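Each position in the sequence shown, counted from 1, maps to that position plus 60 in the working numbering.
For glycine and all other residues, C-beta sits at the position ideal for the given N, C-alpha and C.
Computed from a prediction, not measured in an experiment: that's the story for all the values here.
First comes the structure, then the notes that go with it.
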Amino acid sequence: MELHLKKRILGAWLTVTAILVVAPIVLDGSRTHILLESDAPAMPDTERWATEEYERQVRRDVEALASGEATADVSMPSVDVVDRDEPPAPGVPADQTRLDQDKIPYAWTLQVGAFGQRDNAYRFRDLLRHDGYKAYVQEFQQEKITRVYVGPELRRADAEKIQRQLKQRDDISEAYLRRYKAES
């Protein structure tokens, strides 16, 4: 036989054999829905803040704030200007901290400046941060004043140490200790 004819016969035989093997598997259909076993753990419970409903609620709250509806609900607490150090917490040594009756820890902050110009307050805050202090500002719209603070520190002794350091600077003449209370 010719070589060309032998190749054709061999190709036809392989094709028919492949069809006879594959056709029952494809036509049977029983192997199309084989589930593989998995060792993956079950999906954990979703946190409340990660749910779609919570996201919608946050979006509604933000829209209410943006529209001005919730302005009365969100207001700054009144913070008095201090002109002298507040007394230490009763029964709490300066090198320790404790919780008050509301289960809030005693923490101390230093009022180091009050500015009528907002930009001056932020520049001063940035200068303090550059020098390694934890500085922050609070703006008071009614008084049109921006105050600069350093802290908070959980131990009064640490806050007093920072107070001594700040009073040695040329640009800070007064730094008063006051109890820090978180806004929320």
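Three-way DSSP call (helix, strand, coil) for residue i in this model
i    : result
G192 : coil
L96  : coil
G176 : coil
Q117 : helix
A78  : helix
P104 : coil
Y166 : coil
E199 : strand
Nearest to residue i (by Cα), restricted to the options the options
i    : options                   : result
R238 : T157, R229, K204 and R216 : R216
A219 : L170, R189 and Y196       : L170
E213 : D191, R158 and V82        : R158
S233 : R183, G173, Q177 and R185 : G173
L187 : Q201, A126, Q202 and V210 : V210
Y240 : L226, Q225, Q202 and Q198 : Q198
W168 : T111, H190, K194 and I79  : K194
Other residues of its chain near residue i: CB distance less than 7 Å, five sequence neighbours each side excluded
i    : result
K204 : G176
Nonlocal neighbours in the same chain, by C-beta distance under 6 Å from residue i, ignoring five residues either side
i    : result
Y274 : The shown model of the chain, from 61 to 244, leaves out residue 274, and the question about it has no answer.
D88  : none
A181 : F175, V197, T206 and V208
R189 : A195
Nearest-angstrom beta carbon gap, residue j and residue i [assumed within contact, 8 Å]
i    : j    : result
T206 : R178 : 5 Å
Sequence-distant residues of the same chain with beta carbon closer than 8 Å to residue i, five excluded per side
i    : result
Q225 : none
S244 : Low confidence applies here, because S244 scores a pLDDT of 48, under 50, leaving its location unreliable and the question unanswered by this model.
R185 : A195, Y196, V197 and V208
Next item on the list: At 3 residues or longer, and completely inside the stretch 204–238: list those beta strand (DSSP E) runs for me, N to C.
Entry: 205–213
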